[in-house]
Every structure is written in structure tokens, then in C-alpha cells.
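> Numbering (the UniProt record's numbering), first residue to last: 1 to 237. Every residue, glycine too, gets a C-beta built ideally from N, C-alpha and C. All figures in this text were calculated on a predicted structure; none of them were measured in a lab.
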Amino acid sequence: MGKTRKKQKVELVFDEQKRKDFLTGFRKRKNERRKKAKEQVEAMIKEERKRIKSELKAGMKNMKKSFQPLQELTEEDKKQEYEDDEVEVKIVELSANDFAAQRNMIGANTGQESEEEEEPEEDEEEEVDENTIPGMDIVEKKKKRRKPTSEDQDDSKKKSKTEHEFKSKKDIDKVMKKKTLRNLKKTSAFKQKEKFEQVANRKKARREKRNTIKSLPKHKQKEKKRFNNDLNRKIKK
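The structure is reproduced here in C-alpha cells:
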């Protein structure tokens with residue numbers, strides 16, 4: 001017969017402190033995860049804000065460049081010549097009349113004011129004045145001016161805003177802030193932050209509801225009222 005193996009003894013030791021740490025650790029770890037999530041969301045919002053601001057600044061720079069007036073050609077620029085080893089270039093301003101003279105075509109249309117056309121209109125006015133009886137002449141009603149619609153008012157407001165917005169640097173900063181907030185609200189990080197705040201507000205409201213006097217039973221409501229009244233008297237003194 002072979003030797004029988006000895007069974008290893010297992011000793012169970014009950015530690016109250018370790019048990020307490022383990023049971024209370026669920027909430028602790030949950031709060032740590034929440035804290036990390038909030039920090040991540042805040043970092044994401046900062047990055048999104050920086051990105052949106054940089055994009056808006058680049059857009060404003062491009063808009064400034066597009067609104068800059070172009071330099072007009074001076075007489076020196078028109079006469080200026082550029083020489084190269086093989087080619088000689090000369091800048092010349094051409095008009096429609098120059099093209100017409102080269103190709104034997106009619107030049108640009110220019111209207112001439114004719115005095116003959118204005119004369120018959122004056123005669124007609126005189127004939128009307130002769131036939132009318134004084135005091136009995138018919139006066140044409142003035143055309144009513146069209147009342148500005150809501151769309152016209154909105155367009156005029158928009159125009160006035162755009163004109164006013166860019167008068168100073170403060171106006172540009174205001175526009176930049178509005179646009180950054182508008183774009184931030186559309187991001188996923190901002191929506192996550194709003195969810196966290198909503199959950200926190202709900203919990204706060206529940207706690208306040210529990211601590212109110214109406215939530216307590218009737219025999220404790222009187223005690224709570226007395227306690228509050230005593231506190232108020234002490235504070236007043």
C-alpha cells in the first residue's frame with residue numbers, strides 16, 4: 001500500500017475591516033470612474049473649443065483678405081516694362097473702343113440725350129393745363145408706399161448687424177464667442193457634460209425633497225418646525 005497524501009488544511013480568517021473596505025469599495029470605485037469621466041469630458045471640451053476658435057480665426061482672416069480693396073493701376077504701372085532674356089513684356093490698359101478700332105467694329109454704346117424728345121412732353125402738359133377748369137381739375141392720387149414686410153425688416157436688421165459687427169475689435173470678439181458656443185453645443189463632449197449635470201440636478205432635487213418637512217410623518221413634522229423656529233430665533237438674536 002502506498003502512502004496516503006496529507007490534505008492541506010485551509011484556515012478561514014474573518015477580518016471585519018477588510019470586509020468593510022470591500023463592501024464600501026463599490027461606491028468608492030464608482031465615484032472614481034465618474035471623476036475620471038468628468039475630467040475626460042472637460043479635456044475634450046477644451047480641445048473642441050480650441051479647434052473651433054482656430055477654424056473661426058482662419059475664416060475671419062480669409063474674409064478680411066476678400067474684403068480688402070484691390071490696388072488700382074497707376075500711370076507708372078501702365079507704362080512699366082519687364083525685360084527678359086528672350087521676351088519683352090509691356091503692360092497696356094485696353095478699352096472696348098481700342099478693340100473695336102483694331103477689328104473694324106462698332107465701339108461701346110454711349111447714349112446721347114436728345115432735347116427734341118423732351119419738347120413734346122412739355123406741349124402735352126400745356127394742353128392739359130389749358131383744358132382743365134380752375135378748381136375742378138382732377139388730382140391723381142399718390143401711389144401708396146408698400147409697407148415693409150417682416151422679411152424686409154429681417155434683411156435690414158441683418159444688414160445693419162453685419163455693418164455694426166465689424167466696426168471694432170470688440171464686435172468681432174462677440175461674434176467669435178457666439179459662433180464658438182453655437183458650435184460647441186453641437187459636439188458630443190458638450191452633450192455628455194449636459195447629461196452629467198442633469199443626473200446631478202435630479203439627485204440634488206431628490207435629496208431636497210426627502211429633507212423637506214412634508215416628506216416626514218406628521219409627528220416629526222411638528223418637531224422639525226419647532227427646531228427650525230428655534231434656529232431662526234437664535235439667528236435673529
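Taking the alpha-carbon of Ala189 as reference, which of Lys6, Asn228, Glu42 and Thr212 has the nearest alpha-carbon?
Here residue 189 refers to the residue found at position 189 of the sequence shown. Comparing Cα-Cα distances from Ala189 to each of Lys6, Asn228, Glu42 and Thr212, the minimum goes to Glu42.
> I need the DSSP call for Leu56, collapsed to helix, strand or coil.
Counting from one through the sequence shown, the residue named residue 56 turns up at place 56. In this structure, DSSP gives Leu56 a helical state, which the three-state scheme calls helix.
> In the DSSP assignment, find the unbroken alpha helix (DSSP H) run with Phe227 in it and report its ends.
Within the sequence shown, numbered from 1, the residue matching residue 227 stands at position 227. Lys218 to Lys236 is the extent of the alpha helix (DSSP H) around Phe227.
> Check Glu11 in the structure and name its three-state DSSP category.
In the sequence shown, residue 11 corresponds to position 11, counting from 1. The answer is coil: DSSP assigns Glu11 none of H, G, I, E or B.
> So, are the CB atoms of Thr187 and Glu55 less than 7 angstroms apart?
Translated into positions along the sequence shown, residue 187 becomes position 187. Translated into positions along the sequence shown, residue 55 becomes position 55. Cβ distance not < 7 angstroms, so Thr187 and Glu55 don't count as in contact.
> By the three-class DSSP mapping on this structure, what secondary structure does Asp186 have?
Reading the sequence shown from its first residue, position 186 is the one you call residue 186. Strictly speaking, residue 186 in this sequence is Lys, with Asp absent from that position. In the structure shown, Lys186 sits in coil (DSSP, three-state: anything other than H, G, I, E or B).
> Per DSSP, what kind of secondary structure is Thr212 in: helix, strand or coil?
Looking up residue 212 in the sequence shown gives position 212. The three-state reading of DSSP puts Thr212 in coil, since its state is none of H, G, I, E or B.
> Does the Cβ-Cβ distance between Ile52 and Asn183 come in under 7 angstroms?
Within the sequence shown, residue 52 is the residue found at index 52, counting from 1. Within the sequence shown, residue 183 is the residue found at index 183, counting from 1. Less than 7 angstroms divides the Cβ of Ile52 from the Cβ of Asn183.
> Under a three-way DSSP split, which group does Thr24 fall into?
The count along the sequence shown starts at 1 and reaches residue 24 at position 24. Of the three classes helix, strand and coil, the one that applies to Thr24 here is helix, per DSSP.
> Residues in its own chain within less than 7 angstroms of Leu216 by CB, not counting five upstream and five downstream?
Along the sequence shown, read from residue 1 onward, the residue named residue 216 stands at position 216. Counting only Cβ-Cβ distances below 7 angstroms, and skipping sequence neighbours, we find Lys224.
> Where does Thr180 sit, in a helix, a strand or coil, going by DSSP?
Position 180 of the sequence shown, counted from the first residue, corresponds to residue 180. If DSSP states are grouped into helix, strand and coil, Thr180 belongs with the helices.
> State the DSSP-derived secondary structure class of Lys30, mapped to helix, strand or coil.
The count along the sequence shown starts at 1 and reaches residue 30 at position 30. DSSP places Lys30 in helix when its eight states are reduced to three.
> Helix, strand or coil: which one does DSSP assign to Lys65?
As a position in the sequence shown, residue 65 is number 65, starting the count at 1. Residue state, collapsed to three classes: helix.
> Report the three-state DSSP secondary structure of Ile45 (helix, strand or coil).
Here residue 45 corresponds to residue number 45 of the sequence shown, with the count starting at 1. Helix, per DSSP.
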